[in-house]
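The structure under discussion appears below in the form of structure tokens.
Protein chains in written order, with this note's numbering: chain R, 811 to 1128; chain D, 1124 to 1505.
Written as structure tokens, this is what we have:
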């Protein structure tokens, strides 16, 4: 085992290291985090398929272990293609990649009336009512804009984000009114809002789960104590009467212990008497023929033993 | 064959078939780390049952060109990779360990005083505080959850959750969890003394009521029903835990219970330790993250201890019969180490104050609480 002294030093070293690391994160957040994070194991890798006029993206979003699907549809034009975009190409210090849990997409639309408007719909059961759609256009300042998408509820917890885009408008990445629209962006949820919200709910969730278990045990315990009390009532010696007392002393086991204590005392007394009798030597018959010193001493010892035996017998009988 | 060809062949053999020319500095560092853990386990008796196989796993996989953690040409896993794949990746070993733990556990103190379950919940505070802390440092949500669970002081739960959410952190998380579990007698007492007054430490608790065999027998069934209904994601861990306990309490499968407690537990511990150690290859392990994990692990333990004691203080505001706040620290699930620490601190305050059985309640609640926290995290990321 480690000594107390070495533990104190370990604690100091850990505190110092964490303080230094925190300072680094605060001073150089981007670089320090990149150094800590290392390989991005959670980067979403969408796979696309086409079902009629709908393009479906299947991906494992950040902070999820199972895959989700996102449907892309367009009204007022033809959806040409959708592809995934690496966030690094659109990274800006003011934007946190973790807010974009389901990746960035490049949505290409053809056959748009020149200078006209279209509606791009993005549907998924992964979205929530607070999910927004952010558009990335490097020609604008700032390049990231909230598209003010409509968030529409559908059955089975599906949410639909609807973005209105004008050909050649600020959301059109090519910037030209040419009958083609390229919309780059992605659904955005607040990372910290989700992290802290779920944290709060789950911490109290543990209290709720263990409280339910506590109530269950208390309830079943009461039933068991009542049943034990009923069993012990006939012939119980000194069985508890009050409910509180009953909770301290299980009636059945106590009754058994009182009875067994009496039996044990009786057995112990019997054993004691038996052993005492066996230990006491039987008196020898006296012979008065010899009168030397040895004989007198022996006679005296025998008399003492007889006297002792008589006393023990008397005591045990009384 | 000319001398040039012999020379070329020799060089080829040396570079492609022997390890020495391929040994890199990072591997030497990892071998040194392996020796440190083996030394701590053997010479200092520091969690030897786990650190010996973990240390040896680190030792073995950090030699160059060793066919241990790779995948063969036909997709067949190599030796330790097979242990890892079928034992940890398939989530079998942590659940089997929970089976053994269940078979070893006497829930009597918890059944006799169910209020202590709340302490087990309060002691999960560190799990969530660490979760936030690691997020600030740039960890992902899944990584943060797997690091946070270290404070629950439950090795198998940590391994189970990490293997599910962030397998690349398995070695560091397991090592931090087991290291700090061994250091419970050193980490907890200062916090316990800081958070209690001498009078509070002397509080004597009423003797626990005896629990009948029938109650103990039905407990795993009742607990499994309630917990699995509320958190289905925790069914593999809790199901095995309660099954092990049911085998123990039913009394008709003594051989099975004995096997789960001893032989089976020992076998899976060997494979668990080796597999966890083998995940610590130099290329993956030597970075800033493991150091941060060790740092946060310590904070996690401290906050969990704090949370447990704080929960007792809060409970005492509402209870007629006060609880000794020292039992709060046992809310972390290092069974029975943290219960013993509570008992030892209680004896220091009053030599007649025997807290060990009272502390076993929160200790067992901690096991359930940390498994519940793991289940919550798993459900969150499903």
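Glycine residues also receive a C-beta, built at the ideal position from the N, C-alpha and C atoms.
Keep in mind it's a predicted model, so treat the numbers as computed, not measured.
Backbone CA spacing between residue 1173/D and residue 1385/D [nearest angstrom]:
Locating residue 1173/D in the second chain gives position 50, counting from the first residue. Locating residue 1385/D in the second chain gives position 262, counting from the first residue. Roughly 15 Å separates the two Cα atoms.
Please report the residue range of the beta strand (DSSP E) in which residue 884/R lies.
The residue you call residue 884/R lines up with position 74 of the first chain. Start and end: 878–885.
Going along chain D in order, which residues have a C-beta closer than 9 Å to the C-beta of residue 1030/R?
In the first chain, residue 1030/R corresponds to position 220, counting from 1. Per Cβ cutoff of 9 Å: 1234, 1338, 1341, 1342, 1345.
Taking 8 Å as the CB-CB cut-off, is residue 1022/R touching chain D?
The residue you call residue 1022/R lines up with position 212 of the first chain. Taking Cβ atoms only, chain D reaches closer than 8 Å to residue 1022/R, which makes this a yes.
Mind reading off the beta-carbon distance from residue 1435/D to residue 1416/D? Whole number of angstroms is fine, and I expect it under 8 Å.
If you number the second chain from 1, residue 1435/D lands on position 312. If you number the second chain from 1, residue 1416/D lands on position 293. Contact flag wrong, Cβ pair sits at about 29 Å.
Helix or strand or just coil, what does DSSP make of residue 893/R?
As a first step, residue 893/R must be located in the first chain, where it is residue number 83. In the three-state reduction of the DSSP assignment, residue 893/R falls in the strand class, which pools E and B.
Is residue 1291/D near residue 1445/D, with beta carbons less than 8 Å apart?
Here residue 1291/D refers to the residue found at position 168 of the second chain. Here residue 1445/D refers to the residue found at position 322 of the second chain. Contact flag unset, no.
For residue 1254/D, which residues in chain R fall below 7 Å Cβ to Cβ?
Within the second chain, the letter at position 131 stands for residue 1254/D. Here the neighbours are 1009.
Does the beta-carbon of residue 1013/R, which I'm using as the reference point, lie nearer than 7 Å to any heavy atom of the ligand SAH?
With respect to the ligand SAH, the structure offers nothing, as it holds no ligand at all.
At what residues does the beta strand (DSSP E) containing residue 962/R begin and finish?
The count along the first chain starts at 1 and reaches residue 962/R at position 152. Residue 962/R -> beta strand (DSSP E) spans 960–964.
Buried or exposed for residue 1236/D, please, with buried defined as at least 16 other CB atoms from any protein chain shown within 10 angstroms of its CB.
Against the second chain, residue 1236/D aligns to sequence position 113. Around the CB of residue 1236/D, 16 or more other CB atoms lie within 10 Å, so the residue is classed as buried.
Touching by the beta-carbon criterion (3+ pairs, under 8 Å), the segment 968–977 of chain R and the segment 987–1001 of chain R:
Verdict: yes, contact present.
CA-CA distance, residue 1062/R and residue 1429/D?
Taking the first residue of the first chain as 1, we reach residue 1062/R at position 252. Taking the first residue of the second chain as 1, we reach residue 1429/D at position 306. Only weak support exists for where residue 1062/R lies, its pLDDT of 40 falling under 50; the coordinates are left without a value.
Can you tell me whether residue 899/R is buried or exposed, with buried defined as 16 or more other CB within 10 angstroms of its CB?
As a working note, residue 899/R is residue 89 in the first chain. Exposed, because fewer than 16 other Cβ atoms sit within 10 Å of the Cβ of residue 899/R.
Report the partner residues of residue 1263/D according to the DSSP bridge assignment.
Counted from its first residue, the second chain places residue 1263/D at position 140. Per DSSP, residue 1263/D has no beta-bridge partner at all.
Could you check where the alpha helix (DSSP H) with residue 1286/D kicks off and where it finishes?
Here residue 1286/D refers to the residue found at position 163 of the second chain. Under the DSSP assignment, residue 1286/D falls in the alpha helix (DSSP H) whose first and last residues are 1278–1288.
Would residue 1052/R be called buried (16 or more neighbouring beta carbons within 10 Å of its own) or exposed?
The residue given as residue 1052/R occupies position 242 in the first chain. Low per-residue confidence applies at residue 1052/R: pLDDT is 41, beneath 50, and the placement is therefore not dependable, though the value from the model is reported in the following sentence. Burial call: exposed.
Under three-state DSSP, which class holds residue 1201/D?
Within the second chain, the letter at position 78 stands for residue 1201/D. Three-state DSSP puts residue 1201/D in coil, outside helix and strand.
Rounded C-alpha distance that separates residue 1041/R from residue 1073/R:
Residue mapping note: residue 1041/R aligns to position 231 of the first chain, counting from 1. Residue mapping note: residue 1073/R aligns to position 263 of the first chain, counting from 1. Distance between the alpha carbons of residue 1041/R and residue 1073/R is about 22 Å.
List, from N- to C-terminal side, the alpha helix (DSSP H) runs of 4 residues or more that fit wholly inside the segment 1223–1273 of chain D.
Whole alpha helix (DSSP H) segments, 4+ residues: 1231–1235, 1239–1245, 1248–1259, 1264–1271.
Pull out every residue of the segment 869–881 of chain R whose Cβ sits closer than 9 Å to any Cβ of chain D, in chain order.
Cβ contacts with chain D come from 872, 873, 874, 875, 876.
Go through its chain and collect everything with a Cβ distance to residue 1485/D's Cβ below 6 Å, but skip five positions before and after it.
Numbered from its first residue, the second chain carries residue 1485/D at position 362. Within the same chain, residue 1485/D has close Cβ partners 1239, 1242, 1243, 1450, 1453, 1454.
Please confirm whether residue 1505/D has its beta-carbon closer than 8 Å to some beta-carbon of chain R.
Your numbering for residue 1505/D matches position 382 in the second chain. Cβ-Cβ to chain R under 8 Å: yes for residue 1505/D.
Neighbour flag for residue 1013/R against chain D, beta carbons, 8 Å
On the first chain, residue 1013/R is found 203 positions in, with the first residue counted as 1. By the rule that beta-carbons nearer than 8 Å mark a contact, residue 1013/R touches chain D.
What does DSSP give as the partner residues of residue 1459/D in its beta bridges?
The sequence position of residue 1459/D within the second chain is 336, counting from 1. In DSSP, residue 1459/D forms no bridge with anything.
For chain R, check one thing: does any of its Cβ atoms lie closer than 8 Å to the Cβ of residue 1488/D?
Position 365 of the second chain, counted from the first residue, corresponds to residue 1488/D. So, interface residue.
Would you mind telling me which residues of chain D sit closer than 8 Å to residue 910/R, beta carbon to beta carbon, in chain order?
Reading the first chain from its first residue, position 100 is the one you call residue 910/R. Under the 8 Å cutoff, chain D gives no residues; its nearest Cβ is about 13 Å from residue 910/R.
Suppose contacts are defined by Cβ-Cβ distances below 8 Å. Is residue 1409/D in contact with residue 1181/D by that definition?
Counting from one through the second chain, the residue named residue 1409/D turns up at place 286. Counting from one through the second chain, the residue named residue 1181/D turns up at place 58. Judged by beta-carbon spacing, residue 1181/D lies beyond the 8 Å limit of residue 1409/D, meaning their Cβ atoms are not closer than that value.
Using a Cβ-Cβ distance cut-off of 8 Å, determine whether residue 1058/R contacts chain D.
Working through the first chain from its first residue, we reach residue 1058/R at position 248. Its pLDDT being 43, under 50, residue 1058/R is placed unreliably by the model, and nothing is read from it.
Cross-chain neighbours of residue 1016/R in chain D, by beta carbon under 7 Å:
For the purposes of this step, residue 1016/R is identified with residue 206 of the first chain, where counting begins at 1. Chain D residues near residue 1016/R: 1244, 1247, 1492, 1495, 1496, 1499.
Got a sec: is the Cβ-Cβ distance from residue 1237/D to anything in chain R below 8 Å?
Here the question's residue 1237/D lines up with position 114 in the second chain. Chain R contact via Cβ: present.
Going along chain R in order, which residues have a C-beta closer than 7 Å to the C-beta of residue 1552/D?
Given a span of 1124 to 1505 for chain D in the structure shown, any question on residue 1552/D remains unanswerable.
In three-state DSSP terms, what is residue 1064/R?
As a working mapping, residue 1064/R is identified with position 254 in the first chain. Bear in mind that the predicted position of residue 1064/R carries a pLDDT of just 42, short of 50, making it too unreliable to give a figure here.
Can you pull the chain R residues whose beta carbon is under 9 Å from the beta carbon of residue 1211/D, in chain order?
The count along the second chain starts at 1 and reaches residue 1211/D at position 88. Here the premise fails: no neighbours, minimum Cβ distance about 16 Å.
For residue 1039/R, go through chain D and note every residue whose CB falls closer than 9 Å to its CB, in chain order.
Along the first chain, one-based indexing puts residue 1039/R at 229. The CB of residue 1039/R never comes closer than 9 Å to any CB in chain D; the least such distance is about 11 Å.
Is the separation between the beta-carbon of residue 1271/D and that of residue 1283/D shorter than 8 Å?
Numbered from 1 along the second chain, position 148 holds the residue referred to as residue 1271/D. Numbered from 1 along the second chain, position 160 holds the residue referred to as residue 1283/D. Taking 8 Å as the Cβ cut-off, residue 1271/D and residue 1283/D do not qualify as a contacting pair.
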